[in-house]
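Counting in the UniProt record's numbering, the final residue of the first sequence is number 671, and the numbers go up one at a time with none missing.
Just so you know, even glycine gets a beta-carbon here, dropped at the ideal spot from N, CA and C.
Note that the coordinates shown come from a computational prediction; the quantities given were computed from them, not determined experimentally.
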Amino acid sequence: MDLSHLNHQQRQAVTSTKGPILVLAGAGSGKTRVIIQRISWLIQVEQVLPAEILAVTFTNKAAREMQERLKDELRGRQKGVQLSTFHSLGVQLLREHIDQLGYRSNFVIYDTQDQQSVIKGIMEDHDLEDSGLIDAKGVHYEIGQAKNRGLGPDHFLQQRDSTRKTQVGQVFTEYQRVLKGCNAIDFDDILLLTLKLFEEYSEAMDPLRERYHYLMVDEYQDTNRVQYQLMCHLCQRHHNLCVVGDDDQSIYGWRGADIRNILDFERDFPEAKIIRLEQNYRSTPTILKAANQVISQNPQRMPKELWSQKPTGVPLEWIEGKDEAEELELVARQIKIQVLRHGRSHSDYAILFRSNFQSRLIEETLRDSGIPYQIIGSTSFYERKEVKDALAYLRVIHNHSDEVSLHRIINYPRRGIGKTSLIQANYYCQLLRKPLFEICKQARQHSRIPTEAAMSMESFAQMILRYQQRFQQETLGEVLRDLLADVGLIYDLETQKIDPKTKEKRVGFVMELMRGLDRFVEQNPEKHLRDYLERVMLFTQNDREEELVSNQVTLMTLHSAKGLEFPFVFLVGMAEGVFPNQRSLDESGEEEERRLCYVGMTRAREELTMSMARRRKRYREEVSQTMSRFLSDIDSSLFKVAPGAKMDMGQKALQKKQSRADFFQQLRRLQ
DNA sequence: CAAGCTCTTCAGACA
DNA sequence: GAAGAGCTTG
Ligand SMILES: Nc1ncnc2c1ncn2[C@@H]1O[C@H](COP(=O)(O)OP(=O)(O)OP(=O)(O)O)[C@@H](O)[C@H]1O
């Protein structure tokens, strides 16, 4: 096998297939390439069966990319290699074994909204809502943090001196009970329950320990403790583990990523080999130098070298607008000019931002400028009310116990099952210890439920059962169409008295959902409703099948950009408060934000442009903004036009005028 | 009990 | 700019 496109250290990492190794290296040093080549080496040289190889990535997008790169490399022989995220691996195992843990295999996955509505419900039931000590969001956060560290309600209940903590503990306990009752698990449970399988049903899991002879983990710096433990179980038997990561790119601390996983690797795997990669093949020295200046302000970094042999490259660009609209217009024009001048494709460009809400204006601006674009990773689609409502029908059909979804739809669109009827139904649930759906099925037998409502409940339940049948037999997409027509969801949306534009949008989203299901069926004719639901829960919108990736500018958050690269990168919104994000600063200091900046900058291969607006609209009022602190860490000589300006006002104005004149001149020349 | 209205609150990243 | 809460009205 040809290893000439790897450097010495990479080759070492690729060919040291036995035992644990840790590849610790900076951005763009070819870590991902190591994983790809290693898999290729295992299959081609060591004749390892693909099914014995497991590579874990952090996002589905990364998994798919790796799949593509492997396909290019192995042309079919990669078939059978398992590439997945910890979460999808977990779901796969749970499907098979979750009954051991007291759930049924048709479990559903609760997202943040579902979780919070459960928590709200519990707090209402226990009159904890206006205790002033806790709120649903806070409890949700605490539960999440605890779960990421592998802790349960006891962790809170033990802290007797804090009423707040004990209340959180009570809600937490109840929360787990409710979820179990709904046969639902949350994202953290996916990992926790999988781990529990390994710990408590160890023998049943033995085949799994046996299965993967070679385990690889990309973006290792972002794993949390639970994932780490899971990883240990998976490679326990064979011990052939290769993890690659970069402590400077650890940007998921808020989700429990634990840097100890890197620090303790040597302790937990004493025979581990540590390999460092020091050459960056991605960016120009200019970009790399700037990125290093930003990250070097962080204390307590692991020592790492990173150099690039590429030609120096062009200086960094800086764009400043009077407000966000102007900032983004300038960015758009810049892209337009460059595409024309250099004959580049739009797909060579990425616009990266800190927070999702920034994407709206970017999108509008690009649309107005006629620049084609695609947005990656926005979760908002599946969080929209109308989409969630439609999905709730599917979830209830799949799992009658899913009471969060059931409550969403039992009276939407209206079918005369009001609040009081539900309270009565609920009373019978508790009295007879039956799930709500069972009560609905025979609502007329329960005298306290008003007759009208009871009839309605029964026919609702019958309808669900009818569609459950149909989903098992007919094409998913068609049944969904019938279902939504039957319950009148689209009709309800269309007859709402709101402005026609939003109305159109909402209907459009539901249509898109139906098209998505059609596409899913086309691509996976054998799969069932449960597969679709699983996909929808795990794969956010990222997965839009890369429709014609060609010639579109990519828009995404800095977080989703990790691991990717583009010839031209624009980092927009480089203003204090936005990036670094204020809340993040307050809660966890600037270091992670700084790493995020490092990640963003090092996505660029040839040219990096940063931009900000001097004023920004926030809700109603306008606020003036100052330049992001990260910019002042970059040597101004690396910029073509230095941001903020160390020059006096006169010069500054002049330069601005000058560059604007240049700019318009260029525009004219191009037209 | 439903419908329509205003008011408030919220916008940190992801699986 | 969107969604939920809470109010009034029919
Ligand atoms: N030995 C090599 N020779 C030439 N190019 C290489 C070599 N190794 C990697 N590259 C290229 O360098 C770029 C970065 O590689 P890769 O994505 O594997 O880096 P990485 O370390 O995973 O980056 P990051 O940490 O930013 O995710 C890719 O375009 C890759 O093709």
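According to DSSP, simplified to helix, strand and coil, what is residue i?
i           : result
N7          : coil
Q279        : strand
L391        : helix
P567        : strand
G488        : coil
G245        : strand
E52         : helix
K640        : coil
A184        : strand
L306        : coil
K196        : helix
N60         : helix
K617        : strand
S296        : coil
residue 687 : A question about residue 687 goes unanswered here, because the residues of the chain that appear run from 1 up to 671.
L128        : coil
G650        : Caution is warranted here: a pLDDT of 41 is assigned to G650, below 50, making its placement in the model unreliable, and the coordinate value is therefore given only provisionally. Helix.
Q582        : helix
F353        : strand
V314        : coil
S345        : coil
M1          : coil
Please name the residue, chosen from the options, that lies closest to residue i on a Cα-to-Cα basis.
i           : options                : result
V45         : I143, S16, V569, A454  : S16
K137        : S628, Q116, I319       : Q116
L627        : R481, Q334, D323, T85  : The sequence given here has Met at residue 627, not Leu. Nearest option by C-alpha distance: D323.
V510        : T609, Q469, E522, Y491 : Y491
I98         : V168, I185, Q47, K165  : I185
residue 747 : G28, R466, C597        : This structure cannot speak to residue 747, because the chain is shown only from 1 to 671.
R618        : Q445, T57, K497, F357  : F357
K527        : Q472, E621, L558, L483 : Q472
R225        : L83, A63, A485, A146   : A146
P315        : V569, G477, A257       : V569
A443        : N60, A454, P435, P450  : A454
R466        : R415, I449, E73, V487  : V487
R515        : E534, L480, M537       : L480
P372        : L432, T495, C182, K336 : K336
L529        : R341, Q227, L394, Q158 : L394
D188        : D111, R209, L340, I319 : D111
Report yes if the C-beta of residue i is less than 7 Å from at least one heavy atom of ligand 1; otherwise report no.
i           : result
G563        : yes
A27         : yes
D2          : no
Y281        : yes
G80         : no
L133        : no
T32         : yes
D222        : no
N292        : no
D246        : yes
T602        : yes
L6          : yes
M67         : Checking the sequence shown, residue 67 turns out to be Gln, not Met. Checking the Cβ of Q67 against ligand 1 gives no.
Q582        : no
residue 672 : Past the edges of the chain, shown from 1 to 671, lies residue 672, and the structure says nothing about it.
Q10         : yes
I believe residue i touches residue j by the beta-carbon criterion, under 8 Å. Please report the beta-carbon distance rounded to the nearest angstrom.
i    : j    : result
C440 : F460 : 6 Å
L489 : D635 : About 57 Å; that fails the 8 Å criterion.
R164 : I134 : 6 Å
H398 : V108 : 7 Å
V404 : D114 : 5 Å
V507 : L517 : In fact, because the Cβ distance is near 16 Å, the residues do not count as touching under 8 Å.
N183 : S401 : 4 Å
V536 : I464 : Not quite, the Cβ-Cβ distance comes to about 19 Å (not below 8 Å), so this is no contact.
- Query: For the 8 Å Cβ check, are there 3 or more pairs between the stretch 628-642 and the stretch 380-395?
  - Reply: no
- Message: Any contact between the stretch 212-225 and the stretch 237-250? By contact I mean 3 or more CB pairs, one from each, below 8 Å.
- Response: yes
- Query: Would you say the stretch 269-277 touches the stretch 12-30, given that touching needs at least three Cβ pairs under 8 Å?
  - Reply: yes
- Query: Three or more C-beta pairs closer than 8 Å, one from the stretch 290-298 and one from the stretch 611-624: is that the case here?
  - Reply: no
- Is there contact between the stretch 188-199 and the stretch 86-106, where contact requires at least three CB pairs shorter than 8 Å? yes
- Task: Evaluate contact between the stretch 559-566 and the stretch 591-606, counting only Cβ atoms and requiring at least three cross-stretch pairs below 8 Å.
- Result: yes
- Task: Tell me, please, whether the stretch 50-67 touches the stretch 278-290 by the rule of three or more beta-carbon pairs shorter than 8 Å.
- Result: no
- Query: Do the stretch 576-592 and the stretch 245-256 touch if we need at least three Cβ pairs shorter than 8 Å?
  - Reply: yes
- Item | the stretch 321-340 / the stretch 360-378 touching (three or more Cβ pairs under 8 Å) | yes
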